[in-house]
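For this note's numbering, count along the sequence shown from 1 and bump the result up by 13.
Think of the CB as a built atom: it goes at the ideal place given N, C-alpha and C, for glycine as much as any other residue.
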Amino acid sequence: MKTISKISLAILILGIAYSCKNASESENANATTDYATEATADKSVISSNAAVEPKKTNRKFIRTANLQYKVKNVAQTTYNIENTTAKIGGFVTFKELKSTINDKSETRVSQDSILETTKFTVENNITIRVPNTKLDTLLSSFRKEVAFLDFRIIKADDVSLQLLSNKMAQKRSSSTEKRVEKAIDDKGKKLNQIIDAEDNLASKKEANDAKTLENLSMNDQVNFSTVNIRLYQREEIKNELYASEKNINKYRPHLGLQIWDSLKTGWFMLEGIIAFVTQLWALFLIAFLSWIGYKKFIKK
């Protein structure tokens with residue numbers, strides 16, 4: 014009986030252990046599934062098929078992205094974006110980090126102190142060029158930075174036919190150039206004919222160069238995608254306490270000194286009047302002599 018009891022106990026323990034193992038595996042599987050679902054959901058917000066470089070295709074795409082995000086800290090997010098861009102082989106072509114003042118007010122808190130309140134918004138407009146194969150990597154790196162997505166526009170323009178058309182035009186132009194050059198060498202004897210042929214050749218070369226430059230520009234845009242990003246954060250308020258201008262009334266002299274200064278000023282004015290009148294003595298003398306003459310001779 015003891016042997017049977019021991020065997021039963023051992024079977025019971027093994028059964029419990031097996032059940033616990035299955036439950037643990039089930040929980041891990043569910044947790045893995047939930048995590049994978051969450052990661053896929055997060056990535057779907059940032060990633061886009063238009064941002065992924067297709068494999069084994071002859072098509073050429075010019076990819077551009079225009080994004081606007083609200084973030085917690087514009088300066089820190091800008092720093093992170095620049096680091097990520099450098100790591101994936103990209104570069105920044107434009108950056109405008111600025112603070113826009115929304116409102117400013119002043120409040121006098123004491124006779125000699127003023128509180129200045131400034132409401133402002135920090136924003137940054139940044140343009141990035143990244144390898145076309147790394148565009149999705151760059152967009153996915155924004156996942157931790159985004160507090161609110163305003164908009165995200167991703168374009169993938171197929172320029173395969175345009176590139177092929179430019180190459181065909183280059184070949185035709187090159188062929189025409191060779192024929193014109195040969196005609197100049199073989200048949201161009203008269204000066205007028207040579208000049209006209211040279212002008213024609215120059216225009217052909219100019220057209221060929223234009224197509225070459227256009228292809229180089231398009232290939233550059235194909236190889237490096239352009240990303241325009243506008244970042245902004247919540248409006249901030251800055252309070253700054255500073256000393257106000259000193260009141261000039263504190264330095265005004267007392268009443269007695271003001272009266273004394275007024276008396277002196279009046280005296281100086283009287284002196285000025287006396288001095289001015291004294292300068293007119295000749296006129297007074299002539300008037301006096303005229304009056305005596307009038308009394309003495311004209312009345313008689």
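- The residue among 113, 95, 277, 114 with its C-alpha nearest the C-alpha of residue 106 is 95.
- With a 10 Å radius around the Cβ and a threshold of 16 neighbouring Cβ atoms, residue 179 comes out buried.
- Rounded to whole angstroms, the separation of the alpha carbons of residue 161 and residue 109 is 21 angstroms.
- The residue from 77, 104, 245, 112 with its alpha-carbon nearest to that of residue 90 is 245.
- Here the alpha carbons of residue 125 and residue 155 stand approximately 48 angstroms from one another.
- Here residue 253 has 129 as same chain residues with Cβ atoms under 7 angstroms from its own Cβ, once five neighbours each way along the sequence are excluded.
- Excluding the 5 residues flanking it on each side, residue 78 has same chain C-beta neighbours closer than 6 angstroms at 167, 240, in chain order.
- Assignment of residue 143 by DSSP, reduced to helix, strand and coil, places it in the strand class.
- In this chain, residue 255 is not harboured by any alpha helix (DSSP H); it is covered by the beta strand (DSSP E) spanning 249 to 256.
- DSSP, reduced to helix, strand and coil, places residue 149 within a helical segment of the structure shown.
- Secondary structure of residue 78 (DSSP, three-state): strand.
- The three-state reading of DSSP puts residue 179 in helix, counting H, G and I together.
- The residue among 306, 104, 173 with its C-alpha nearest the C-alpha of residue 143 is 104.
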